[in-house]
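Quick note on the working numbering: the sequence shown kicks off at 60 and runs consecutively. From the three backbone atoms N, C-alpha and C, an ideal C-beta is built for every residue, glycine too.
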Amino acid sequence: RLESGRMRRFGVGEGLLESSIQTGCLSATEEGGVWGISDAYRHFYWNGKRFLNSSESFPAGFPEQKGMFLARGGVIFRKEDYRRFLFTAPGVSRELVGLPLVEGLSAGWLSPDGRELLVIIGSTLWVQQGSGWASRDLGINFKELSVSMIRDREGRIWIRSLKRLYRMKTPQSPLEDLSRRAALGGVEACFFAEDALGRVWTNNTGSLVWFKDHDAGTLGEAEGLPHGGANVLMVDREGSLWGGTVDGLSRY
């Protein structure tokens with residue numbers, strides 16, 4: 060986690076069952092909590108004081124390996140019958156009725172007020188507003204890819220696969236391919252985060268990259284990022300940038 064311009068690391072000493080979050084996920088809630096998953100598919104929840112392990116942070120009956128984390132706000136768990144449930148805090152959930160009961164959920168995003176939910180299943184973008192869903196075919200099948208999605212403060216939707224970067228002004232707008240502009244390398248898992256300055260961050264090989272308007276920048280070992288970079292990142296409500304690395308959690 061980023062504190063005063065330097066990364067602070069969290070590991071087993073702070074209650075994590077494993078220190079490696081290399082291919083896991085992080086998701087911040089509006090109440091200040093942080094959901095996460097380790098390489099061993101163990102879920103944890105940071106309540107602002109300590110890390111809760113799997114048995115404390117998610118309910119019985121939800122296989123750990125079926126969880127899919129949102130860019131912010133919560134986590135979607137899938138049951139064996141493909142019914143999906145959105146958890147915004149341990150024990151606080153609702154069923155996502157109306158989504159197709161199939162495999163292929165690869166990315167999601169929840170608005171800060173909890174009123175809008177976006178998910179990608181296969182090549183289709185689903186948008187929930189109120190009790191209904193709208194959908195559109197993106198023309199790209201993301202089913203087998205590690206995918207991340209975020210909607211920034213200006214309403215633009217960013218979608219990232221391992222080596223590709225896309226952006227849409229609205230859910231109905233054409234899909235822009237920004238891959239050549241971003242010059243992103245291959246990573247094991249890809250994630251987005253938007254900070255208080257409106258910069259959109261994503262992970263790259265050995266570093267973090269941010270974008271704002273026509274500007275871009277990087278954060279690497281010189282700024283305290285552990286060797287090898289971070290494969291998971293998010294910004295909490297206090298504005299701290301969190302990164303999951305092979306050495307544990309870091310905060311910027």
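Val71 is classed as exposed because its beta carbon has fewer than 16 other beta carbons within 10 Å across all chains shown. Within the region 151-207, the runs of beta strand (DSSP E) that reach at least 3 residues and sit entirely inside it are, in chain order, 151-154, 164-169, 175-180, 183-188 and 191-196.
The Cβ-Cβ distance between Leu177 and Leu169 falls below 9 Å. Exposed is the label assigned to Glu139, since fewer than 16 other Cβ atoms lie within 10 Å of its Cβ. Apart from sequence neighbours up to five positions away, the residues of its chain that approach Ile216 with a beta-carbon distance below 6 Å are Arg210 and Met227, ordered along the chain. Per the DSSP secondary-structure output, Gly302 pairs in a beta bridge with Leu292 and Ser309.
In this structure, Arg174 lies away from Gly191, with their beta-carbon atoms at least 9 Å apart. Among the bridge pairs identified by DSSP, Lys222 is matched with none.
Annotation for Arg153: Leu145 place their beta carbon closer than 6 Å to its own, counting only its chain and skipping 5 residues before and after.
In the three-state reduction of the DSSP assignment, Gly276 falls in the strand class. When only Cα atoms are considered, Gly302 and Ser309 end up about 5 Å apart. For Gly72, the secondary structure class from DSSP, reduced to helix, strand or coil, is helix. Each residue's CA atom was taken as its position, placing Trp105 and Asp274 some 33 Å apart.
Around the beta carbon of Arg240, fewer than 16 other beta carbons lie within 10 angstroms, which makes this residue exposed. A direct Cα-Cα distance of roughly 33 Å separates Lys271 from Phe110.
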